[in-house]
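Here is the structure we will look at.
Numbering (the working numbering), first residue to last: 249 to 449.
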């Protein structure tokens, strides 16, 4: 009598194929879920503009989130603002006035733009508000040090939580030069991972 093998060679391959399909399906579901987790966000050119929005009806923005977000954006500005070795270059890159900063220990002067505003996000899971500064770009629009590009300096939209990740520290890094700008395209040009966003009123 011939006894059939309890496991035919085809069985593991079939199960393996089903496992692979299940994993692919799970990965697609995870990616979709991540896309669905964008957070309510708003851009403000000033703290006063944020406070004015907070006083209006039907908004998630509060006076507390405006003030704490502005403070967080200022801290990020000090740490991550784009810095240049030439004032004229800084002003050309950002379309406005730049301030001078003396580096400690006789490290010379660098120039950084003033904030054009700040981006405020209502984090999920009760994590409060997060904020990032943004600056004008020579090519138009605005960008945060972390690479989020905005079409306008005010309005609301939804953004990935990654838009609130801090940019690289520039406090002790070599300042950008005309050669650097020419090679990289300037501030915001090579760091647009989150893409340009238009803001509604």
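Glycine included, every Cβ here is placed at the ideal spot set by N, Cα and C.
Within a Cβ cutoff of 6 Å, which residues of the same chain sit near residue i, ignoring the five residues on either side of it in sequence?
i: residue 325; result: 363, 381
i: residue 393; result: 328, 415
i: residue 339; result: 346
i: residue 330; result: 435
i: residue 379; result: 317, 320, 321, 366, 368
Could you please give the first and the last residue of the uninterrupted beta strand (DSSP E) stretch that includes residue i?
i: residue 309; result: Counting along the chain, residue 309 falls outside any beta strand (DSSP E), and DSSP gives it neither H nor E.
i: residue 299; result: No beta strand (DSSP E) holds residue 299; the alpha helix (DSSP H) holding it covers 295 to 302.
i: residue 407; result: 403 to 407
i: residue 354; result: That residue, residue 354, is in no beta strand (DSSP E); it is neither H nor E in DSSP.
What is the rounded straight-line gap between the Cα of residue i and the Cα of residue j?
i: residue 437; j: residue 322; result: 23 Å
i: residue 391; j: residue 433; result: 13 Å
i: residue 333; j: residue 349; result: 10 Å
i: residue 288; j: residue 308; result: 8 Å
i: residue 355; j: residue 310; result: 41 Å
i: residue 431; j: residue 305; result: 47 Å
i: residue 361; j: residue 395; result: 16 Å
i: residue 428; j: residue 314; result: 35 Å
Would you check if the distance between the CB atom of residue i and the CB atom of residue j is smaller than 8 Å?
i: residue 402; j: residue 302; result: no
i: residue 398; j: residue 389; result: yes
i: residue 337; j: residue 419; result: no
i: residue 291; j: residue 375; result: no
i: residue 372; j: residue 285; result: yes
Any heavy atom of the ligand GTP closer than 7 Å to the beta-carbon of residue i?
i: residue 294; result: Among the components modelled here there is no ligand, and therefore nothing to report on the ligand GTP.
Only counting the same chain, and skipping five residues up and downstream in sequence, which positions put a Cβ closer than 8 Å to that of residue i?
i: residue 386; result: 340, 341, 342, 343, 434, 435
i: residue 294; result: 365
Tell me which same chain residues have a C-beta within less than 7 Å of the C-beta of residue i, skipping the five on either side of it?
i: residue 423; result: 331, 332, 333, 358
Under DSSP, the alpha helix (DSSP H) around residue i begins and ends at which residues?
i: residue 349; result: It is not in any alpha helix (DSSP H) - residue 349 instead sits in the beta strand (DSSP E) that spans 346 to 350.
Stretch-stretch touch, CB-based, cutoff 8 Å, three pairs: the stretch 365 to 377 with the stretch 404 to 412: yes
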